[in-house]
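The structure appears below as structure tokens.
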Amino acid sequence: MSIDELLEVRRAPAARHLLSINDLNREGILEIMRLSDAFAEVSERPIPKVPALRGRTVATVFMEPSTRTRLSFETAAKRLSADTMTFTAATSATVKGESLRDTVETIDAMGIDAMVIRHHASGAPLRVTDWIGASVINAGDGTHEHPTQALLDCYTILETLRSRRGGDEPHDLSGLRIAIVGDIKHSRVARSDVLAFAALGAEVVLVAPPTLMPASLEGWPVQAAGDFDAVLGELDVVYLLRIQAERLGEVLLPSLDEYHWRYGLTRARAAALKKDALIMHPGPMIRGVEISPDVADLPASLVTRQVRNGVLVRMAVLFHLLGSGEI
Amino acid sequence: MADREKTVRPPGRIFIARAQVMDADEVRRALMRIAHEIVERNRGLDKVVVVGLQTGGVPLADKLAAILEEIEGATVPLGSIDVAFYRDDIGLRPVHPEEITDLPFDINGRVVVLVDDVLFTGRTVRAALEALAARGRAAAVQLAVMVDRGHRELPIRPDFVGKNLPTRRDESVEVSDEGVAIGELQTAEKEREAR
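Sequence order for the protein chains is A and B. Be aware that the first sequence starts at 5, since it is given in the working numbering, and climbs by one per residue. Be aware that the second sequence starts at 141, since it is given in the working numbering, and climbs by one per residue.
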């Protein structure tokens, strides 16, 4: 047995891409959580950087506007010493009519190891895996999934519970009751969160007006509630989704004021929550619609913690895909 | 006994001990000697900090720090580092951090005694040196290992050694609370066949 064989103790992970939370089973999610802990330590150093992905190139391809997710991925790649390339639809040949396939093949031809892609069409990242050789990471596709958001949400809940209890426990989300509130139907964040929260053992309740609830919840590990107030008192986590103002035109939502009154986290609702309940939002947050302005600033609100953890979790995802196996 | 001989590490492989090379007392005495050598070399413990390499070096570093405190009557700063993110084989094989780095002190101007259980190719130590350099400029870095088994692939040598143990490249060395054993790593399937 050679040293190379001796070293080859753990098989490379089967997943080369991260398109959906389903690409990571429960074990995969927990592995990302462990890696994120290691990167949390790295981030607290005076120089928060490790050479782990030196010489690798990560391209961010955003065909839909997003600053925070793109910056978060780029920061993560840089803290791992990878090089980054940025492609945004507004400043590119797409406006000249280039197809997605030509765009990603061109970027791939420059020599990249991973492509982080956001696209308005559900399933676009999956199509891209057929066209390029690099690892593909879904940074949000249409109304399908946004897996890194769900991973950072899981990490944020776990981290908060651990710091409260002053120990290493818990390792998963079992025993927690989490409500996801808002436009479930159009939300890729909700889809990824449902899968991730359930994989880690949480009970998930969806709260939405009937027009913004998916037509069928069959096969989903969730319960549905139309009345936010009826479930308030039993929640450990309230996860608010952004109400996309563009949906207003679709007659799905009569008015933002009415939404706020029935489904927003108002001061009165925040007061009816359990004392230690957590409040989360994937951003960008519209104060006065899904959350009242003062509630967003309560200590229970983890919104800025989510942003900080986004970098750690994306470092973990990049390292998991590029660093831990055969390329 | 059987439980100990067949430690599952690294995952997927089973360590089959062939011979016990050092018993628990011998390991303890070797640590005692190394502790005295560290005190002698550094003329006390003035700037000395002890850093264990995850995971095999950490229990040894704990014990070494305790002995140093006993000898000199002063506390020695103790830390641990995981070098996964500094390895040169990232992407060639699965690399996972074992534990989180814990260096609760500034290494600038300190004498860092790195502690590991087995010195083999030297690649882990190289990664550890890089990880330390990222934290600052130590006055000196010294290396203490329980077993030096040879087969270096880099110009690295230990300052303090428990035992020099000539090995074949394909052998494996295990350091545990019970002592040091030499043997082979086998896949779980091979082990079942053998039984």
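For every residue, glycine included, the Cβ atom is placed at its ideal position computed from N, Cα and C.
Please name the residue in the options whose C-alpha comes closest to that of residue i.
i, options, result
"B/Arg275", "A/Gln310, A/Ser47, A/Met217, A/Lys278", "A/Ser47"
"B/Val216", "B/Asp229, B/Asp228, B/Arg289, B/Gly192", "B/Gly192"
"A/Thr73", "A/Leu325, A/Phe323, A/Pro288, A/Gly292", "A/Pro288"
"B/Lys203", "B/Leu269, B/Arg173, B/Met162", "B/Arg173"
"B/Val315", "B/Ile240, B/Arg297, B/Leu259", "B/Leu259"
"A/Val315", "A/Glu45, A/Pro69, A/Ser24", "A/Glu45"
"A/Leu165", "A/Trp224, A/Val209, A/Asp280", "A/Asp280"
"A/Met114", "A/Thr308, A/Thr61, A/Phe201, A/Tyr159", "A/Thr61"
"A/Glu262", "A/Val241, A/Ala276, A/Ala234, A/Glu294", "A/Glu294"
"B/Val161", "B/Ala268, B/Val287, B/Pro199", "B/Val287"
"A/Leu162", "A/His324, A/Phe323, A/Ile33", "A/Ile33"
"B/Ser312", "B/Val285, B/Glu324, B/Lys303", "B/Glu324"
"A/Gly268", "A/Arg168, A/Ala128, A/Ser70, A/Asp233", "A/Asp233"
Taking 8 Å as the CB-CB limit, is residue i close to chain A?
i, result
"B/Phe155", "no"
"B/Pro306", "no"
"B/Val235", "yes"
"B/Asp222", "yes"
"B/Ile240", "yes"
"B/Gly323", "no"
"B/Ile230", "yes"
"B/Ala206", "no"
"B/Ala274", "yes"
The alpha helix (DSSP H) with residue i in it runs from where to where?
i, result
"B/Gln282", "No alpha helix (DSSP H) holds B/Gln282; the beta strand (DSSP E) holding it covers 280-288."
"B/Phe155", "No alpha helix (DSSP H) holds B/Phe155; the beta strand (DSSP E) holding it covers 153-163."
"A/Ala202", "192-203"
"A/Leu282", "No alpha helix (DSSP H) holds A/Leu282; the beta strand (DSSP E) holding it covers 282-284."
"A/Ala154", "151-169"
"A/Glu262", "260-267"
"B/Leu204", "197-212"
"A/Leu104", "104-113"
Got a sec? Which residues, its chain only, sit under 7 Å from residue i by beta carbon, not counting five neighbours each side?
i, result
"B/Leu272", "Ile247, Val252, Ala278, Val281"
"A/Arg271", "Ser296, Asp298, Val299"
"A/Pro214", "Gly230"
"A/Ala194", "Ile184, Ile188, Leu245"
"A/Gly205", "Asp176, Leu177, Ser178"
"A/Ser196", "Ile25, Glu149, His150, Pro151, Gln153, Ala154"
"A/Trp224", "Val198"
Looking only at its own chain, which residues have a Cβ that is under 8 Å from the Cβ of residue i, when we skip the five neighbours before and after it?
i, result
"A/Glu238", "Arg181, Lys278"
"A/Leu302", "Ala274, Ile283"
Per DSSP, what kind of secondary structure is residue i in: helix, strand or coil?
i, result
"A/Ile136", "coil"
"A/His175", "coil"
"A/Val242", "strand"
"A/Asn313", "helix"
"B/Lys303", "strand"
"A/Ser70", "coil"
"B/Phe245", "coil"
"B/Ala142", "In this prediction, B/Ala142 scores a pLDDT of 35, lower than 50, which makes its location untrustworthy; the coordinate-derived value is nonetheless stated afterwards. In this structure, B/Ala142 counts as helix in the three-state DSSP scheme."
"B/Glu314", "strand"
"B/Asn182", "coil"
"A/Ala44", "helix"
"A/Asp187", "coil"
"A/Arg49", "coil"
"A/Thr308", "helix"
"B/Ala175", "helix"
"A/Asn29", "coil"
At least one CB of chain B closer than 8 Å to the CB of residue i: is that the case?
i, result
"A/Ile51", "yes"
"A/Leu39", "yes"
"A/Pro55", "yes"
"A/Ala229", "no"
"A/Ala300", "no"
"A/Gly327", "yes"
"A/Ala42", "yes"
"A/Glu45", "yes"
For residue i, report the span of its beta strand (DSSP E) as first-last.
i, result
"B/Arg275", "No beta strand (DSSP E) contains B/Arg275, which DSSP labels as neither H nor E."
"A/Phe91", "87-92"
"A/Glu294", "Per DSSP, A/Glu294 belongs to no beta strand (DSSP E) and is neither H nor E."
"A/His123", "118-123"
"B/Ser220", "218-221"
"B/Asp256", "251-259"
"A/Arg212", "Looking at the sequence provided, one finds Ala at residue 212 of chain A rather than Arg. A/Ala212 -> no beta strand (DSSP E), and no H or E assigned at all."
Take residue i and list the residues in its own chain whose beta-carbon comes closer than 6 Å to its own, dropping the five residues that flank it on each side.
i, result
"B/Leu294", "Gly262, Arg266"
"B/Gly231", "none"
"B/Leu218", "Val190, Ala205"
"A/Ser305", "Ile283"
"A/Phe66", "Arg74, Thr92, Arg122"
"B/Ala164", "Glu318, Gly319"
Quick one: does residue i have its CB under 8 Å from some CB of chain C?
i, result
"B/Phe225", "The structure shown contains no chain C; its protein chains are A and B."
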